[in-house]
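Trainee:
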Amino acid sequence: MDISSLVAQNYAASRTATAPEAGSAGNALGAAAESFMATLQTSENTAMQSMTGGADPHSLVEALAQTELAVQTAVTVRDRVVEAYQEILRMPV
Amino acid sequence: MTDFNDAMSVATSGMKAQASRLRHVSENIANADTPGYRRKVISFEEVVNLGRPTGAVTAGPLRLDQSELKRVYDPAHPLADDTGYFDGSNVNLLIEIADAREAQRSYEANLKMFDQVRQMSSALLDLLRR
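So the sequence lines, in the order shown, correspond to chains A and B. Per this note's numbering, the first sequence starts with residue 6, numbered consecutively. Per this note's numbering, the second sequence starts with residue 80, numbered consecutively.
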């Protein structure tokens, strides 16, 4: 039984919730989100391949490091956005 | 972030190439006593994608060292001819050790570059995090 395709299917199914809308193709934020998802997917595929003996450890480390970088970026940007939003909410009206 | 990612891929390609070189060195050392064995050598090549050099490196095609095989004198050996000599391998252990050490140093250099890129990218994001 092919585990990797099953996991990839699940991944693709849950991906729609986080994927940007179809109309936002020219959107910079949408493009960033798409590249983030692509990095994540590559890393997961590489991790699965290296567990099943298909990929070498170099590729695994590279993919994981790139994902770490992408996740750090996303988390930092999100924190800043949330902080800015809370700042606005705290504004006395 | 593309520069960071590219630097990581290039460093990884260097590590892969050195790992493959070390593999051939270990094959040579393992076969140092094999009669008629010719040592394997590989050359490094820059990766070209769609006609443009990417900066990454890859291990090139395998070649066999065509230098003369060592003549070993051992009349009791099954492969020995009338004169008591047979063709040994042309592996020189000193050369192989030097090659392995060079591969190790080069691997370490690539690993350091990889770590450097990681540290630089984290430091950049730490600015935003305060």
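Using N, Cα and C, we set each Cβ at its ideal position, and we do this for glycine too. These numbers come from a predicted model, not from an experiment.
So, helix, strand or coil for residue 144 of chain B, using DSSP?
Mentor: Three-state result, residue 144 of chain B: coil.
Trainee: DSSP on residue 99 of chain B, reduced to helix/strand/coil?
Mentor: helix
Trainee: Where residue 56 of chain A and residue 110 of chain B are concerned, what is the direct C-alpha to C-alpha distance, given to the nearest angstrom?
Mentor: In this structure, the straight-line span from the alpha carbon of residue 56 of chain A to that of residue 110 of chain B is close to 31 Å.
Trainee: To the nearest whole angstrom, what separates the beta carbons of residue 149 of chain B and residue 167 of chain B, a pair I think is in contact under 8 Å?
Mentor: With a Cβ gap of about 4 Å, residue 149 of chain B and residue 167 of chain B count as contacting.
Trainee: With distance defined between alpha-carbon atoms, name the residue in A:94, A:89, A:90 and A:80 nearest to residue 41 of chain A.
Mentor: A:80
Trainee: Return the Cβ separation of residue 48 of chain A and residue 69 of chain A in integer angstroms, given the expectation that the two are a contact with Cβ distance under 8 Å.
Mentor: 6 Å
Trainee: With DSSP run on the structure shown, which of helix, strand or coil describes residue 29 of chain A?
Mentor: Only weak support exists for where residue 29 of chain A lies, its pLDDT of 49 falling under 50; the coordinates are left without a value.
Trainee: If distances are taken between C-alpha atoms only, which option among B:136, B:85 and B:205 comes closest to residue 124 of chain B?
Mentor: Per the C-alpha coordinates, the member of B:136, B:85 and B:205 positioned closest to residue 124 of chain B is B:136.
Trainee: Between which two residues does the beta strand (DSSP E) holding residue 126 of chain B run?
Mentor: 119-128
Trainee: Verify the CB distance criterion: does residue 128 of chain B have a CB-CB separation below 8 Å to chain A?
Mentor: no
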